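Structure first, commentary second.
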Amino acid sequence: MIFLETVHRKRRHILQRELHESNALLDAVINGTDYAIFVVDEEGVFKLYSRGAERMLGYVPSQIVGQNAMLFSQKVCVPEEIASRARRIQEQYGRPPVGIEVFKLPLRDDGPFGQEWINIRADGSRLTVAVMMWELKDADGEPQGSLAIVRDISRIKELEEVKHDFIATVSHELRTPLTSIQGALGLTTAGVAGPLPEKASELLAIAYRNTEHLVRLINDILDIEKIEAGKISVETKTLDASDALRGALESNRPYADRFGVHMVLKGATAGILASADPARLAQVLANLLSNASKYSPPGGEVWVATEVLPETVRFSVRDFGPG
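The sequence shown: position 66 = 49 (the working numbering), numbered continuously.
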């Protein structure tokens, strides 16, 4: 009996030590990060409030643990944002959120970092945060509460704003004079200012094409900005696929000529109707054709074609360069 009691005591000591080490590790992970970590039970009461949350928001754990999470959220969140998210949840789920569901239920328009909120610190200053939430369950799969991890993304938002302003300013400052230069070159090459020597005409034509390429690059930059902001517009129309392909070839042939590359139309049956945005289609084809021309060997060919599939039309661009 004494032997068994000694064995049980040693085993209990080992288990207690392992539990202590496990808790110490968990505490280090939770409180060693700059992220704010919260645990809320099914009644909406805070059970855990990490040191990262204290550093982020300025409230100490003794002020928060045991308090109602919804009341605290109304203190640190902007009321208009809570009301706006509640309306969007109503639209998406067909019912209003109950309690902290306004923070738990995901929306289709949540950002890449999760829900984005403006939070108000204890000192009144504001920060932008991203919130990700998970439901906690017990061993039987029954809900036990929620875990929230909050990240301060204020700096990221500031950099995004700086990037947006930079792109908008540079694009405007470049596009306006380039458009004027392009117009003047176009009129000159068309002979509006009088006949030109053949060599001068060739040089002006090159300048015009390069200006056109720069304008297209600026438009591409603006389009990337719109895509990232989710504001890209697409206006679909019924168009002739072969006409669209031939138009792209004609527009991009001068660029291919610079590399000594010949564009070959391999297949484009007339009368194939497709639903697409003409401007976006031309943009995509121009990018494909310019890349194919740039990376083809001198004297090489770029094959282009359209192919009718059961419900779509496939545009293909094939080059014979490396890669």
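Where a beta carbon is used, it is the ideal one built from N, C-alpha and C, also for glycine.
Every value quoted in this text rests on a predicted model; they were computed, and no experiment measured them.
Worksheet item: Would a C-beta distance cut-off of 8 Å place A257 and A288 closer than the cut-off?
Response: In this structure, A288 does not lie closer than 8 Å to A257 by Cβ.
Practice prompt. May I have a chain-ordered list of the beta strand (DSSP E) segments no shorter than 3 residues that lie completely inside the segment 192 to 237?
Written response: You should have 220 to 223.
Discussion item. So, does the segment 92 to 105 touch the segment 48 to 60, judging by three or more C-beta pairs under 8 Å?
Written reply: Flag = yes, the segment 92 to 105 and the segment 48 to 60 touch.
Discussion item. Starting from Q127, trace the alpha helix (DSSP H) in both directions and tell me its first and last residue.
Written reply: That residue, Q127, is in no alpha helix (DSSP H); its beta strand (DSSP E) goes P126 to D135.
Item to complete: Have a look at R138 and A275 and give me their C-alpha separation to the nearest angstrom.
Response: Answer to the nearest angstrom: the Cα atoms are 39 Å apart.
Discussion item. For L186, count the other beta carbons within 10 Å of its own beta carbon; 16 or more makes it buried, fewer makes it exposed. Which is it?
Written reply: Note on L186: under 16 other CB atoms within 10 angstroms of its CB, so exposed under the neighbour-count rule.
Discussion item. Our contact map puts V81 next to A52 with C-beta atoms below 8 Å; I'd like the distance itself, whole angstroms only.
Written reply: Rounded to whole angstroms, the Cβ separation of V81 and A52 is 13 Å, and the two are not in contact under 8 Å.
Discussion item. Assuming contact is defined by CB atoms lying nearer than 8 Å, are M115 and I132 in contact in what I supplied?
Written reply: The Cβ atoms of M115 and I132 lie closer than 8 Å to each other.
Worksheet item: To the nearest whole angstrom, what separates the beta carbons of A113 and G94, a pair I think is in contact under 8 Å?
Response: So it is a contact: roughly 7 Å between Cβ atoms.
Discussion item. Whole angstroms are fine: how far does the CA of L161 sit from the CA of T194?
Written reply: Straight-line Cα distance between these residues: approximately 7 Å.
Worksheet item: By the 10 Å Cβ neighbour count, where 16 or more other Cβ atoms means buried, how is T73 classified, buried or exposed?
Response: In the sequence on display, residue 73 carries Gln and not Thr. Answer is exposed; the Cβ neighbour count stays below 16.
Practice prompt. Can you have a look at G282 and say buried or exposed, based on whether 16 or more other CB atoms are within 10 angstroms of its CB?
Written response: Classification for G282: exposed.
Worksheet item: Going straight from the alpha carbon of M39 to that of R109, what length do you get?
Response: Going from the Cα of M39 to the Cα of R109 covers about 10 Å.
Discussion item. Nearest by alpha-carbon distance to G243: which of T219, Q266, L232 and S279 is it?
Written reply: Ranking T219, Q266, L232 and S279 by Cα distance to G243 puts S279 first.
Discussion item. Tell me the rounded alpha-carbon separation between E294 and I255.
Written reply: If I take the Cα positions, the gap works out to 12 Å.
Worksheet item: Between L271 and the ligand FAD, is the CB less than 7 Å from at least one heavy atom?
Response: Although the ligand FAD was asked about, the structure shown includes no ligands whatsoever.
Worksheet item: In terms of DSSP beta bridges, what is Y76 paired with?
Response: Bridge partners of Y76: none, in fact.
Fill in: Among E290, K249 and D302, the one whose alpha carbon lies nearest that of L272
Among E290, K249 and D302, the Cα nearest to that of L272 is on D302.
Item to complete: Could you tell me which residues DSSP puts in a beta bridge with Q98?
Response: Q98 is bridged to V114.
Worksheet item: For T152, which of I204, S45 and G304 has the nearest alpha-carbon?
Response: Looking from the CA of T152, the closest CA among I204, S45 and G304 belongs to I204.
Fill in: C-alpha gap between R241 and L248, whole angstroms
Our two residues, R241 and L248, have alpha carbons roughly 19 Å apart in a direct line.
Worksheet item: Do R134 and Y18 have their C-beta atoms within less than 8 Å of each other?
Response: In this structure, Y18 lies closer than 8 Å to R134 by Cβ.
Practice prompt. Whole angstroms is fine: what's the gap from G169's alpha carbon to H147's?
Written response: Taken atom to atom, the span from the alpha-carbon of G169 to that of H147 is near 31 Å.
Fill in: Beta-carbon separation (whole angstroms), A66 vs P79, contact threshold 8 Å
Rounded, the Cβ-Cβ distance is 11 Å, inconsistent with contact.
Item to complete: Please check the pair A269 and A231, which I expect to be a contact at CB under 8 Å, by giving their CB distance rounded to whole angstroms.
Response: Their Cβ separation, rounded to whole angstroms, is 6 Å, which keeps A269 and A231 in contact under 8 Å.
Discussion item. Suppose the cutoff is 8 Å on Cβ atoms and the five residues either side in sequence are ignored; what does the same chain contact list for G250 look like?
Written reply: Around G250: A288, T289 and E290.
Worksheet item: According to DSSP, is S279 helix, strand or coil?
Response: In this structure, DSSP gives S279 a state outside helix and strand, which the three-state scheme calls coil.
Fill in: Cβ pair A227, L264 closer than 8 Å
For A227 and L264, yes; Cβs fall inside 8 Å.
Worksheet entry | Where the alpha helix (DSSP H) through F86 begins and ends | It spans E84 to K87 - the alpha helix (DSSP H) in which F86 sits, taken as one unbroken run.
Discussion item. I'd like to check one pair, S184 with T172: are the Cβ atoms closer than 8 Å?
Written reply: Between T172 and S184, the CB-CB gap stays under 8 Å.
Item to complete: Helix, strand or coil for V300, going by three-state DSSP, please let me know.
Response: Reduced to three states, the DSSP call for V300 is strand.
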